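Heads up: the sequence shown runs through residues 1402 to 1637, numbered per this note's numbering. C-beta: ideal position from N, C-alpha, C; glycine also. Nothing here was measured: the structure is a model prediction, and the numbers come from that model. Report on one structure; see the data block that follows.
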Amino acid sequence: MVFLNIDDLGEKTLNKIAEFALSTQLEKAEKLNVRVKTDPSRLAKGELESLVIDGKGLVMNKYLRMQELNMTFNAIAVSPLKALIGNIELTQPSRGFAWVVLNEADLESAFGVETFKKQLQKTEVDRVNCQINPDRITITVKVYLPETRENKDIFVMVKPYINSTGKGVALENICSSENEEIAANLIPVILSRAEKIFNLSNFLMDGIDLQIEKVAIAPGQLTLQAAANITRFPSA
């Protein structure tokens, strides 16, 4: 076991320790920065002034990518003795804030054609397109019907809103394809999959809990703004 001198255990060292621990929670990260703000005198008292987790192109599981993830916590209490062996251990919970940004390509990848192939018969799904507008999200599934040799676009326009638990996003169906049997079969699958994608459990790291406070939609991207609570730092 290697002990570090408290005077030598500065921000850069803590950043590296924290980044390594967080990277083990991810399948992929195009960019991951962890910024710990402290100094030897604060750390000796078990205090971190702030902790910022900032990432781009993060993949938490095999199907969901996040364009951006940011979490900020202030006034964090840690064990100075644990810090001496390179372990960031919180001694009490800390509150902060977070946001997650998803773009159209992230959503299209998360839907995936395999989702529909498993649940639909006599229908071939070619691709899924998602368009994010300021007041709605349009999901279009392009299908081929072998029996009639027809190509069809089945769409649903939805308006996202925070669900009753604050742990995910529910969707209001404001407009969709009508008067077709394939649409009647496909649209429930689209809506079910979308709500699974927007479940906060997909974005959580070990020891960090989120409560959605706002859903912001801008052209091409959707942002989930949340209150964050950290009870323990993710371990490697």
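With respect to 7 Å, is the separation between the Cβ of residue i and the closest non-hydrogen atom of the ligand GDP below this value?
i, result
"Arg1466", "Looking for the ligand GDP in the displayed structure turns up nothing, as the structure carries no ligands at all."
Since residue i is in the alpha helix (DSSP H), which residue starts that stretch and which ends it?
i, result
"Thr1397", "No answer is possible for residue 1397: it lies beyond the span of the chain, which begins at 1402 and ends at 1637."
"Lys1483", "Pro1481 to Ala1484"
"Glu1509", "Glu1505 to Phe1512"
"Ile1489", "It is not in any alpha helix (DSSP H) - Ile1489 carries neither H nor E in the DSSP assignment."
"Ser1593", "Glu1582 to Ile1598"
So, under 8 Å CB-CB, residue i and residue j are touching, yes? Tell me the CB distance rounded to an integer number of Å.
i, j, result
"Ile1631", "Ile1613", "Not quite, the Cβ-Cβ distance comes to about 17 Å (not below 8 Å), so this is no contact."
"Phe1634", "Ile1454", "Not quite, the Cβ-Cβ distance comes to about 10 Å (not below 8 Å), so this is no contact."
"Leu1433", "Ser1442", "Incorrect: roughly 28 Å between the Cβ atoms, too far for contact."
"Phe1498", "Ala1629", "6 Å"
"Leu1546", "Thr1566", "The pair is not a contact, with the Cβ atoms about 38 Å apart (cut-off 8 Å)."
"Ala1444", "Ile1477", "In the sequence as displayed, the identity of residue 1444 is Leu instead of Ala. About 11 Å separates the two Cβ atoms, so there is no contact after all."
Taking the DSSP output, what are the residues bridged to residue i?
i, result
"Tyr1562", "Ala1571"
"Gln1532", "Thr1539"
"Tyr1545", "Glu1525 and Asn1552"
"Lys1432", "Lys1457"
"Val1557", "Ile1540 and Ser1577"
"Arg1443", "Note: Arg1443 sits in no beta bridge, so no partner."
"Ser1495", "Ile1631"
Check whether the Cβ atoms of residue i and residue j lie closer than 8 Å to each other.
i, j, result
"Ser1577", "Val1557", "yes"
"Leu1587", "Val1542", "yes"
"Val1544", "Ile1583", "yes"
"Gly1447", "Thr1492", "yes"
"Ala1430", "Leu1459", "yes"
"Ile1575", "Arg1537", "yes"
"Glu1412", "Val1437", "yes"
"Ala1595", "Ile1555", "no"
"Met1461", "Leu1427", "yes"
"Val1526", "Val1570", "no"
"Ala1627", "Leu1605", "no"
Go to residue i, then tell me how far its beta strand (DSSP E) extends in each direction, as first and last residue.
i, result
"Ile1609", "Ile1609 to Ala1619"
"Arg1466", "Arg1466 to Ala1478"
"Glu1450", "Glu1448 to Val1460"
"Asn1623", "It is Leu, not Asn, that sits at residue 1623 in the sequence shown. From DSSP, the beta strand (DSSP E) with Leu1623 extends over Gln1622 to Ile1631."
Between residue i and chain B, is any beta-carbon pair separated by less than 8 Å?
i, result
"Gln1493", "Note that chain B does not occur in the displayed structure, where there is just one protein chain."
**OP:** Mind the definition here: the segment 1523-1535 touches the segment 1618-1633 only if three or more C-beta pairs lie below 8 Å; say whether that holds.
**Re:** yes
Subject >> the segment 1593-1608 touching the segment 1473-1488, judged by at least three CB pairs closer than 8 Å >> reply: no
Original post:
Are three or more beta carbon pairs between the segment 1498-1507 and the segment 1455-1471 nearer than 8 Å?
Top reply: Result yes; three or more Cβ-Cβ pairs closer than 8 Å.
Subject >> At least three beta-carbon pairs within less than 8 Å, the segment 1483-1490 to the segment 1418-1437 >> reply: yes
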